[in-house]
Amino acid sequence: AEVLRSGTAHWALRRLPVSAPQRMYRGFVALDALSGLSIGSAAVLFLPHAPLLSQMLIEIVLFAVAAAGTAVAVSSAFMLAAYSSMVLVGASGTWVFLHPSQTSIVILLTLAYWIFLVAVARDSERLLLRSIRIRHERDQALQSLERSDAELRIAHERIERAMQARNRVMAAASHDLRQPLQALSIYSAVLSTHPQPQTMSVVGKNIENIVRDLGEILDELLDLSSLASGSYRLQQTVFALDEVIADVCTELALTAGRKGLALTTHLAPVQMQGDSRAATRIARNLIDNAIKYTASGCVRVSVDMNEGRAILAVEDTGRGIPGSEQEHVFEEFYQLQAGDDEYRGGVGLGLAIVKRLCELTRATITIHSEPGKGTRMTVMWTGLAIGRMNPPERVTGQMRLSHWRGRRVYVLDDDKEVVRSLCALLETWGLTVRGAGGAHDLQELVSVEGCPDVLIADLHLGRNQSGLAVAERLVETQGPLPVLIITADAAAVPLSDGDAPSWLTLMQKPVSSTALQAALD
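Quick note on UniProt numbering: the sequence shown kicks off at 1 and runs consecutively.
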């Protein structure tokens, strides 16, 4: 029986992964009962032929063997009960048969002993299960710690990458901001020493270019910050994609002309549902990038529609992008090695922002480029696109402002230089402009000269004043009027003005003259 049980156990352990546990358990209980029966039969074979002293010794051995079944049963109460009951039945039954006068006491003591053995086995089983549970919980805790450690390592690596990216931003921004500031300092000295009209005209154009470059760098840093932090909110509207692209092309046509490049367009009338700000930023970055990295030739921009999908394509005649670098051009801070006659500058964020905006607006962007022949970048929006038969007539910025000539505009800002510069610019557009340094100055200005037709205010004024709060009080007392709130704090107001009242327009510094004209329209 013992050989059979050992062989069965060896066979069962080899089949453990595929065997049914309950069926295997019942089989071992039966084998333990068979083993106990074989041992208990020793009493039947030897007790009748042995003297009394030998009978007592055999009984003691058999009762000890029943107790030893605790180890044999591997702390299973059922297996021990089956094993010990068969041993004790053989031993006690034979003793009672040989000594009938002791039947009652033998049965009582045997039953008590058997119950004691089963109770011990049950406690051992509980202890074993508790040990297994503790080991399982320990293993789970170790696995959890390993997962937590892996997550911490990943988080640490992410933080390290973020820190490295921030350092790259700071280094690149420091260099690319210092360069134009150095040029501005030199131009300022030139104007101070040679204030002739011809000098002022040339230097003024150069200063305008430098300020535009500074604005582009800041816009890229702000855009990337808002996209990375998840604070960029999509504003779903129905807009004319061709008009958006035409505005961007008009804005960048002068830049292309200064490099001797032809900026050509083929804009089919297309309306689409989506975020017009994101589409504008994508187009501006792609077209501006094509202009910067094209030394001669042209940049072609097209808008088309195919099976309900709006398509923007920007193609240039630059030196192209090698195949090995095409997968990297959308990485942050990645820049191609510039040639001797090509653009150097920027922080390498333009295409990274394009990629993120495409992912955010569920658009796809593809590159087709041949070294020495040029590059074509195509953006495809999968949202609903609708063609228009008669695109509306486009107007220039000066035509937009024609109906504002002579109107009264108040500029509210605690920075006197900002007030002076804005007043000077607005006056060249034929507007009547007044400046105020705070809420009290604006109140006096309104009481003396009346309510303005437009209020342009900085968000953060001195002495913890809010330009928005001042504008709201003015609207409450004077009625709705157009208000432009301008701020340099990207986190102070939402990037989307979808929740703002109809009379309010939110703008982020730096604000170009073109953007200001569009806001006043």
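All residues carry an ideal CB built from backbone N, CA and C; glycine is no exception.
Cβ neighbour criterion (16 or more within 10 Å) applied to residue i
| i | result |
| --- | --- |
| T317 | buried |
| A82 | buried |
| A469 | exposed |
| Q335 | buried |
| P452 | buried |
| M163 | exposed |
| V238 | exposed |
| Q55 | buried |
| D304 | buried |
| V395 | Interpretation of V395 is limited by its pLDDT of 44, a score under 50 that renders its predicted location unreliable; no figure is taken from the coordinates. |
| D123 | exposed |
| R277 | buried |
| I132 | exposed |
| residue 522 | Given a span of 1 to 521 for the chain in the structure shown, any question on residue 522 remains unanswerable. |
| L254 | exposed |
| T428 | exposed |
| S104 | exposed |
Paired residues, beta bridge with residue i - DSSP
| i | result |
| --- | --- |
| N306 | R309 |
| F239 | M272 |
| H368 | R376 |
| D458 | I486 |
| Y410 | R434, L455 |
| W381 | A310, A363 |
| A262 | C298 |
| T505 | L484 |
Cβ-Cβ distance between residue i and residue j below 8 Å
| i | j | result |
| --- | --- | --- |
| A66 | L117 | yes |
| I207 | L181 | no |
| L37 | G93 | no |
| V354 | I367 | no |
| L57 | G69 | no |
| E125 | A77 | yes |
| D242 | P269 | yes |
| A515 | T505 | no |
| R284 | L357 | no |
| L484 | M507 | yes |
| G430 | R405 | yes |
| W114 | S148 | no |
| residue 537 | A246 | Shown here, the chain extends from 1 to 521; a query on residue 537 therefore has no answer. |
| L152 | P510 | no |
Three-way DSSP call (helix, strand, coil) for residue i in this model
| i | result |
| --- | --- |
| V329 | coil |
| Y25 | helix |
| V511 | coil |
| C298 | strand |
| R405 | coil |
| T94 | helix |
| S101 | helix |
| W114 | helix |
| R233 | coil |
| L218 | helix |
| D316 | strand |
| S466 | strand |
| L267 | strand |
| A66 | helix |
| I321 | coil |
| L45 | helix |
| S76 | coil |
| Q198 | helix |
| residue 524 | Residue 524 cannot be examined here, being either before or after the span of the chain that is shown, 1 to 521. |
| D415 | coil |
| G479 | coil |
| G450 | coil |
| G348 | coil |
Cβ-based neighbour list, residue i, same chain, cut-off 6 Å, excluding 5 preceding and 5 following
| i | result |
| --- | --- |
| G437 | D414 |
| A150 | none |
| A290 | V299, V314, D316 |
| R408 | T432, P452, D453 |
| L426 | V409, V433 |
| G297 | T317 |
| L351 | V329, F330 |
Cutoff 8 Å; reference residue i; Cβ partners in own chain excluding five residues on either side
| i | result |
| --- | --- |
| S512 | R212, G215 |
| A256 | A262, L263, I291, V299 |
| Q443 | none |
| I321 | V329, L336, I367, S369, P371, T375 |
Own chain residues within Cβ distance below 7 Å of residue i, not counting five before or after
| i | result |
| --- | --- |
| L286 | V314, V354, M377 |
| D275 | L234, Q235, Q236, T361 |
| M200 | L191 |
| V29 | F78, M79, A82 |
Chain B contact for residue i (CB, 8 Å cutoff)
| i | result |
| --- | --- |
| S324 | Going by chain labels, chain B is absent from the structure shown, which holds only one protein chain. |
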